[in-house]
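If you count by the UniProt record's numbering, then the sequence shown holds residues 1 to 179, one letter each, in order.
Here a beta-carbon is modelled for each residue, glycine too, at the ideal position from N, C-alpha and C.
Structure first, then comments.
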Amino acid sequence: MIPLLILGLLIQNPGAHGYELLTLMEKRQYQYIVNFTKGSFYYNLQQLEEKGWIKQIQQKSSTLGRESRNFTITKSGMAEFEQLMVKYGTKSEYVNLQFYGALLFAGEYDKDKLLELIQSQIDQTKTRIALLDEYLSNTQEFPGTMDYFRRMNENSRSHHLVNLEWFEQLRAEIEGHII
């Protein structure tokens, strides 16, 4: 998924340098789409270059007077972008919270500790909703196709709200069973 994000960002921002692309991914909250680190980002950037899907273009930095490593997508990179759009655009996966695995054994776990786990899920979900709310209130700065990203984040927010309601109901049910 990271290659798709990098290629797409280079289509939107031809001539961008790696740090600029990474900053865009962080600013646009792409971590809700895929987990990435600075290291995994630069590894994928390097792999895209080695495969010939992006190429370096040299540009002099006007402020520092030195060359920077800027990139542009190649013709074969555009073909790869098209393939990745089909690959990820046709995928649909079940929601799979790791919490569900732990919940399978809730009956064998201390109820007070289980309530702590549920509260952790509630707190994390509230944090995600707050981050999405913050992002959604500031999306005007992204032109063009970002309307789709906004819609995706609105959908994600809706899912988190449903999860929050479920976690809170689950907590209430368990609290009702504790003497």
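- Per the coordinates, the alpha-carbon of Met85 lies some 16 Å from the alpha-carbon of Tyr30.
- Put simply, of Ile129, Thr23, Asn138, Glu175 the residue whose alpha carbon is nearest the alpha carbon of Val162 is Ile129.
- Bounds of any alpha helix (DSSP H) do not take in Pro14, whose DSSP letter is neither H nor E.
- In the structure shown, Arg28 adopts coil according to DSSP, grouped into three states.
- When the Cα atoms are used, Glu175 and Thr23 turn out to be separated by approximately 43 Å.
- Bounds of the alpha helix (DSSP H) holding Tyr135 are 111-137.
- If you draw a straight line from the Cα of Met1 to the Cα of Val34, it comes to about 7 Å.
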